[in-house]
Amino acid sequence: MRTAVVTGASRGIGSEFVVRLLDAGWCVYAGYRSDMHRLELIQNKNLICHQLDVTNNDSINDFVKRIDGNVDLLINNAGVPDGRWRNLKEIDDEWMLEVLNINSVGPVRMVKALYDKMSHDSMTTVAMISSLMGSIDDCHSGRSYAYRASKTALNMLSVAMKKEAIEDNISFLILHPGWVKTRMGGEHAPVELTDSVQGMLDLINSHDIENSGRFVQYDGVDLPW
Ligand SMILES: NC(=O)c1ccc[n+]([C@@H]2O[C@H](COP(=O)([O-])OP(=O)(O)OC[C@H]3O[C@@H](n4cnc5c(N)ncnc54)[C@H](OP(=O)(O)O)[C@@H]3O)[C@@H](O)[C@H]2O)c1
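Just so you know, our numbering puts 153 at position 140 of the sequence shown, and the rest follows in order with no gaps.
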């Protein structure tokens with residue numbers, strides 16, 4: 014049985030990944046930061062839920078200690094929006110650093126902590142849930158300073174890590190889920206949660222190591238950096 018780890022799994026995109034991976038026969042280690050939310054409703058013997066805050070190395074190490082055997086898929090999904098500041102004079106620098114801490118550094122902490130479990134004979138995929146908002150080419154409207162920068166940094170960190178990790182059979186896939194109906198995306202978002210996550214899972218399932226570092230939207234459209 015293949016093993017997956019999902020961060021930020023309590024609700025939204027993370028929880029939908031958990032449900033679909035379990036349906037497909039995976040063993041899933043699901044990390045929740047504060048409240049289990051949707052995870053509480055899932056009855057499946059292949060689901061192991063544990064507290065996980067991606068800003069805290071003690072929490073990460075405690076989570077990783079519970080994982081039995083190898084990991085075949087890491088979905089770095091945990092993320093937060095920024096303050097929707099109306100102009101740059103309103104930027105809250107403390108919250109900006111926290112957004113970078115969660116969205117950019119958090120996924121690196123997870124890769125570091127799981128590295129030895131991910132390096133084995135068959136390929137492991139690290140799916141980074143990024144955003145088109147991190148694309149410099151696509152930054153037409155500006156604003157969303159911390160969120161945009163956090164996803165741009167995540168993209169660069171992923172491409173930089175792939176160079177080293179390719180030797181250890183670990184491949185990176187950088188995904189934009191679309192603008193999705195979740196607490197973060199809001200009710201007016203045009204993409205349904207189920208369509209986004211199914212699209213991203215199809216991309217994960219067909220991913221190979223030659224394409225490590227690809228930046229792609231949930232429907233298979235490659236994105237500009
Ligand atoms: N929705 C969209 O339109 C959209 C578009 C592009 C990219 N994304 C990306 O997709 C990912 C998931 O977003 P979503 O829409 O599903 O958001 P969401 O519904 O707000 O869920 C975010 C999840 O991240 C968790 N989280 C936040 N900080 C954390 C931390 N420090 N450690 C561990 N978990 C943490 C939250 O836990 P709590 O319940 O404890 O808060 C929650 O489970 C994010 O990376 C987001 O940037 C979303």
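Note that beta-carbon positions come from the ideal geometry of N, C-alpha and C, so glycine has one too.
Comparing C-alpha distances from serine 47 to each of Trp39, Asn69, Asn59 and Leu60 shows the shortest one belongs to Asn69. In this structure threonine 20 is in contact with isoleucine 88, their Cβ atoms being roughly 7 angstroms apart against a cut-off of 8 angstroms.
Taking 7 angstroms as the cut-off, the C-beta of proline 203 does not count as close to any heavy atom of ligand 1. In the three-state scheme derived from DSSP, where H, G and I count as helix and E and B as strand, threonine 20 is classed as coil. Counted as a single uninterrupted DSSP element, the beta strand (DSSP E) harbouring alanine 140 occupies residues 137-142. Short note on threonine 138: C-beta not closer than 7 angstroms to any heavy atom of ligand 1.
At a cut-off of 7 angstroms, the beta-carbon of arginine 156 does not count as near ligand 1: no heavy atom of the ligand is closer than that. Shown here, isoleucine 26 sits in a helix according to DSSP, grouped into three states. The closest heavy atom of ligand 1 lies less than 7 angstroms from the beta carbon of valine 193. Counted as a single uninterrupted DSSP element, the stretch harbouring glutamine 64 is not any alpha helix (DSSP H) but the beta strand (DSSP E) occupying residues 60-64. Close CB contacts of valine 112 within its chain, under the 7 angstroms cut and outside five residues either way in sequence, are with Val93, Asp95, Ala159, Tyr160 and Ser163 (chain order). When secondary structure is reduced to three states using DSSP, valine 84 falls in the coil class, being assigned neither helix nor strand. In the DSSP secondary-structure assignment, alanine 43 is bridged to Val19 and Cys62. Judged by the Cβ position, aspartate 105 fails to qualify as a neighbour of ligand 1 at the 7 angstroms threshold, every heavy atom of the ligand being at least this far. In the pairwise beta carbon analysis, the segment 136-145 is classified as touching the segment 217-232: at least three pairs are separated by under 8 angstroms.
Around the beta carbon of tryptophan 39, 16 or more other beta carbons sit within 10 angstroms, so the residue counts as buried.
Arginine 227 is bridged by DSSP to Leu186. C-alpha of methionine 146 to C-alpha of isoleucine 115: approximately 16 angstroms in a straight line.
With a contact defined as Cβ atoms closer than 8 angstroms, asparagine 90 and isoleucine 183 miss out at about 18 angstroms.
Between glutamate 29 and leucine 206, the beta carbon gap of about 5 angstroms places them in contact (Cβ cut-off 8 angstroms). If you check the CB distance, tryptophan 238 and aspartate 150 come in under 8 angstroms. Burial check for valine 31: the Cβ neighbour count within 10 Å reaches 16 or more, so the residue is buried.
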